[in-house]
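Asker: Residue numbers (my numbering), protein chains in the order written: chain A, 1 to 150; chain B, 1001 to 1150; chain C, 2001 to 2150; chain D, 3001 to 3150.
4 protein chains.
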Amino acid sequence: MSEEKKDLLLEIRDGVSALPFHQFLGLKADCYDTKNRSIHFDMRDEFVGNNHFKILHGGLIATILDTEGGFVLVLDGAWRAETGSPTNPVLIKGGTIDLRIDYLRPGKGKHFVATGAILRRGNKVAVVRTELRNELDELIAVGTCTYLVG
Amino acid sequence: MSEEKKDLLLEIRDGVSALPFHQFLGLKADCYDTKNRSIHFDMRDEFVGNNHFKILHGGLIATILDTEGGFVLVLDGAWRAETGSPTNPVLIKGGTIDLRIDYLRPGKGKHFVATGAILRRGNKVAVVRTELRNELDELIAVGTCTYLVG
Amino acid sequence: MSEEKKDLLLEIRDGVSALPFHQFLGLKADCYDTKNRSIHFDMRDEFVGNNHFKILHGGLIATILDTEGGFVLVLDGAWRAETGSPTNPVLIKGGTIDLRIDYLRPGKGKHFVATGAILRRGNKVAVVRTELRNELDELIAVGTCTYLVG
Amino acid sequence: MSEEKKDLLLEIRDGVSALPFHQFLGLKADCYDTKNRSIHFDMRDEFVGNNHFKILHGGLIATILDTEGGFVLVLDGAWRAETGSPTNPVLIKGGTIDLRIDYLRPGKGKHFVATGAILRRGNKVAVVRTELRNELDELIAVGTCTYLVG
Chain A
1 MSEEKKDLLL EIRDGVSALP FHQFLGLKAD CYDTKNRSIH FDMRDEFVGN
51 NHFKILHGGL IATILDTEGG FVLVLDGAWR AETGSPTNPV LIKGGTIDLR
101 IDYLRPGKGK HFVATGAILR RGNKVAVVRT ELRNELDELI AVGTCTYLVG
Chain B
1001 MSEEKKDLLL EIRDGVSALP FHQFLGLKAD CYDTKNRSIH FDMRDEFVGN
1051 NHFKILHGGL IATILDTEGG FVLVLDGAWR AETGSPTNPV LIKGGTIDLR
1101 IDYLRPGKGK HFVATGAILR RGNKVAVVRT ELRNELDELI AVGTCTYLVG
Chain C
2001 MSEEKKDLLL EIRDGVSALP FHQFLGLKAD CYDTKNRSIH FDMRDEFVGN
2051 NHFKILHGGL IATILDTEGG FVLVLDGAWR AETGSPTNPV LIKGGTIDLR
2101 IDYLRPGKGK HFVATGAILR RGNKVAVVRT ELRNELDELI AVGTCTYLVG
Chain D
3001 MSEEKKDLLL EIRDGVSALP FHQFLGLKAD CYDTKNRSIH FDMRDEFVGN
3051 NHFKILHGGL IATILDTEGG FVLVLDGAWR AETGSPTNPV LIKGGTIDLR
3101 IDYLRPGKGK HFVATGAILR RGNKVAVVRT ELRNELDELI AVGTCTYLVG
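Right, here's the structure in full:
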């Protein structure tokens, strides 16, 4: 990877972590290399969506999976682009078309990591599959996220 | 509506507004009567998911629609139950099975209201359709939410 | 409606009914006017997906709802176009991006009608909500269908 | 695998292939062992959903993916059951709650195979992910199918 490319990926990573709603929730983006691109965060009392079970709110799970899907896609776009910047068209103009989340296990844990993989990368539409796991590597939820690109 | 029933609905409403993640986001539940059951909230700088357009984060939209779907369902369960309480099985044991959100317009606005209607109410599974509108009554997003019940 | 426009709508209707898989299943398209655009068909022994209950196969329900969604969209495109023909870009180049079906009641009946309404009509993506009802007007299933357009 | 178990799996396989809609379409179920459980079929002129591109109708793709999801689940149920038969509760009473299909590539090919894996297997609800590939092993579509069980 060229230094220029590496800098671009890190700039995107920081841009994603710095988005207002992500800062509010404490979501952090990470990209060690082109394969490892994740959104992670720590459990907080404010994230509870069910007082009885003390588990993550389902909407927060959807938030993380949508965020990870977009992150994966923007990194991929930057990686493919000859030149580029975080003011990349994908980052600015794209948007989520639809989002589908399957909740597989209660959202219990102290630390959560979302990962994703691109299913489809077209000129107009991209689809990313995402997963949320806790610190025990238990699969909490999966998402399929469709984005408008270009 | 009996006074007892009315009290139950109000107790559920307050229980939903008081959930940690709802308090954190400032989501308010409202139920004027059995037909008007909504989740509403005001725009805040922290809710921005796209710095260029200053629009709601898609995950927040998913959060509100999931919350509204659950709220409609719990009210419906309480309404049907001969007796009941906010420690209703639905409220405690149920959970979202899957959630599908279609983003129709950018989430612009100052105040947002989510409403919903039950599509299916079975013994095991319920499906609720939800909508998010801004203060101009523009339809921002729709959701289809499937819940495990009883 | 101009005569030319009327002819175009009827040509699209016949084109949809004539598609090989639609002929194979006996699906008929109908458009009396711009508001009434449906796909309808009669129950047949071959359509059974559960020998015990003698109900429609879920995949057939998905087929009808997808077909209705595309039909509504192509009619809408033709209606908006100044000029146009069934060799309309929408009809040829578009395609289903994703399809989500909620099964609400067993598919029992003698005659079924699918109807639909456009939720979003963008330059790149359109979303159509569809419904399937039997001859007793019971709601069997609903669909949300996302299409690539233009 | 006991002979009794093997016979049960084969009986389920034959029961699935024999369902009226499956026979009508020529869908064949196969289970060589507990890991290889597929639905496969050959392209036919009647399956075309787009006259210009001569590709599979999207509804047929949904049909195969829904069928595969149910097949995987029934086999799994039979496998886990101490005793059992194709008149298994799952096979008779269960049903698809919802189905979501993502169309990734045009449905071109001569022979198609659907495979699936269980994401969630609860007492009330199960979720299966399915894939459709052509004879070149190209991924045509993926599905997420939610079923009522027990």
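Just so it is clear, CB atoms sit at the ideal spot from N, CA and C, and this is done for glycine as well.
(1) Buried or exposed, going by whether 16 or more other CB atoms sit within 10 Å of the CB of His3052 of chain D?
(2) Since Leu19 of chain A and Thr1063 of chain B are thought to touch, with beta carbons under 8 Å apart, how far apart are those beta carbons, to the nearest angstrom?
(3) Measure the CB-CB distance between Asp1102 of chain B and Thr2115 of chain C and report whether it falls below 9 Å.
(4) Which residues, in order along the segment 2130–2148 of chain C, keep a beta-carbon less than 7 Å from a beta-carbon of chain B?
(5) Look at the alpha carbon of Arg44 of chain A and the alpha carbon of Lys2110 of chain C, and state the distance between them as a whole number of angstroms.
(6) With H, G and I counted as helix, E and B as strand and the rest as coil, what does DSSP make of Val3072 of chain D?
(7) At a Cβ threshold of 9 Å, is Leu2019 of chain C touching chain B?
(8) Whose C-beta lies closer than 6 Å to the C-beta of Gly1095 of chain B among residues of the same chain, with five residues either side of it excluded?
(9) If we ignore side chains and look at the alpha-carbon of each, how far apart do Val2048 of chain C and Val3128 of chain D end up?
(10) Who are the neighbours of Ile2118 of chain C on chain A, taking C-beta pairs under 8 Å?
(11) Going along chain B, which residues have a C-beta under 8 Å from Leu2104 of chain C?
(12) Taking Cβ positions only, does His2040 of chain C come closer than 9 Å to chain G?
(13) What does the Cβ neighbour count give for Ala117 of chain A, buried or exposed, with the cut at 16 atoms within 10 Å?
(14) Report yes or no: is there a C-beta of chain C within less than 9 Å of the C-beta of Ile101 of chain A?
(15) Under the three-state reduction of DSSP, which class applies to Val2016 of chain C: helix, strand or coil?
(16) Do you know offhand how far Ala81 of chain A's Cα is from Gly150 of chain A's?
(17) What is the residue span of the beta strand (DSSP E) that Leu3099 of chain D lies within?
(18) Listing by chain order, which chain B residues have their CB less than 8 Å from the CB of Glu46 of chain A?
(19) Can you pull the chain A neighbours of Ile2097 of chain C, defined as C-beta to C-beta under 7 Å?
(20) Mind pulling the alpha helix (DSSP H) runs of 4 or more residues that sit fully within the segment 2122–2146 of chain C?
(21) Compute the beta-carbon to beta-carbon distance between Leu1010 of chain B and Ala1078 of chain B, rounded to the nearest angstrom, for a pair I have assumed lies under 8 Å.
(22) Can you round the beta-carbon distance between Phe2112 of chain C and Leu2136 of chain C to whole angstroms, since I take them to be within the 8 Å contact cut?
(23) According to DSSP, simplified to helix, strand and coil, what is Phe2021 of chain C?
(24) Tell me whether Thr87 of chain A is buried or exposed, calling it buried when 16 or more other Cβ atoms sit within 10 Å of its Cβ.
(25) With Ser17 of chain A and Lys28 of chain A assumed to form a contact (beta carbons below 8 Å), what rounded beta-carbon distance in angstroms separates them?
(26) Please classify Gly59 of chain A: does DSSP put it in a helix, a strand, or coil?
(27) Check whether the Cβ atoms of Arg121 of chain A and Asp76 of chain A lie closer than 9 Å to each other.
(28) Is Val90 of chain A close to chain B, meaning its C-beta is less than 9 Å from at least one C-beta of that chain?
(29) Ignore the nearest five residues each way along the sequence and tell me which others in Gly58 of chain A's own chain have a CB closer than 7 Å to its CB.
(30) Candidates C:Asp2042, C:Thr2130 and C:Val2074: which alpha carbon is nearest Leu2025 of chain C's?
(31) Taking just the CA atoms, how far does Gly2069 of chain C sit from Ala1126 of chain B?
(32) Compare the C-alpha of Gly15 of chain A against each of A:Cys31, A:Leu139 and A:Ser2 and name the closest.
Answerer: This is what the structure holds:
(1) His3052 of chain D sits exposed, since fewer than 16 C-beta atoms from the chains shown fall within 10 Å of its C-beta.
(2) The beta carbons of Leu19 of chain A and Thr1063 of chain B sit about 16 Å from each other, so the pair does not count as a contact at 8 Å.
(3) Not closer than 9 Å, so no.
(4) Hits within the stretch, in order: Val2142 and Thr2144.
(5) C-alpha separation (whole angstroms): 54 Å.
(6) The answer is helix: DSSP assigns Val3072 of chain D an H, G or I state.
(7) Any Cβ of chain B closer than 9 Å to the Cβ of Leu2019 of chain C would place that residue at the interface, and such an atom is absent.
(8) The answer, listed in chain order, is Leu1148.
(9) Roughly 22 Å between the two C-alpha positions.
(10) What Ile2118 of chain C touches in chain A: nothing, since even the nearest Cβ is about 15 Å away.
(11) Leu1119, Arg1120 and Val1127, listed in chain order.
(12) This model lacks chain G altogether, as its protein chains are A, B, C and D.
(13) Counting Cβ neighbours within 10 Å, Ala117 of chain A comes out exposed, since fewer than 16 surround it.
(14) Taking Cβ atoms only, chain C never reaches closer than 9 Å to Ile101 of chain A, which makes this a no.
(15) DSSP places Val2016 of chain C in helix when its eight states are reduced to three.
(16) So the alpha carbons of these two residues sit roughly 12 Å apart.
(17) Annotation: the continuous beta strand (DSSP E) that includes Leu3099 of chain D extends over Gly3095 to Tyr3103.
(18) Per Cβ cutoff of 8 Å: Pro1020, Phe1021, Gln1023 and Phe1024.
(19) Within chain A, Val125 and Thr146 have C-beta atoms less than 7 Å from the C-beta of Ile2097 of chain C, given in sequence order.
(20) Entirely contained in the segment 2122–2146 of chain C, not one alpha helix (DSSP H) run reaches 4 residues.
(21) Taking C-beta atoms under 8 Å as the contact rule, Leu1010 of chain B and Ala1078 of chain B fail to qualify, at a distance of about 11 Å.
(22) Taking a contact as a CB-CB distance under 8 Å, the pair Phe2112 of chain C and Leu2136 of chain C does not count as one, their CB atoms being some 11 Å apart.
(23) Correct three-state label for Phe2021 of chain C: helix.
(24) Only weak support exists for where Thr87 of chain A lies, its pLDDT of 49 falling under 50; the coordinates are left without a value.
(25) That belief holds up - the Cβ atoms of Ser17 of chain A and Lys28 of chain A are roughly 5 Å apart, short of 8 Å.
(26) Here Gly59 of chain A carries a helix assignment [DSSP, helix/strand/coil].
(27) With contacts defined as CB atoms closer than 9 Å, Arg121 of chain A and Asp76 of chain A qualify as a contacting pair.
(28) Bear in mind that the predicted position of Val90 of chain A carries a pLDDT of just 45, short of 50, making it too unreliable to give a figure here.
(29) Close CB contacts of Gly58 of chain A within its chain, under the 7 Å cut and outside five residues either way in sequence, are with Gly49 and Tyr103 (chain order).
(30) Considering only alpha carbons, the answer is C:Asp2042.
(31) For Ala1126 of chain B and Gly2069 of chain C, the distance between alpha carbons rounds to 24 Å.
(32) The shortest Cα separation from Gly15 of chain A among A:Cys31, A:Leu139 and A:Ser2 belongs to A:Cys31.
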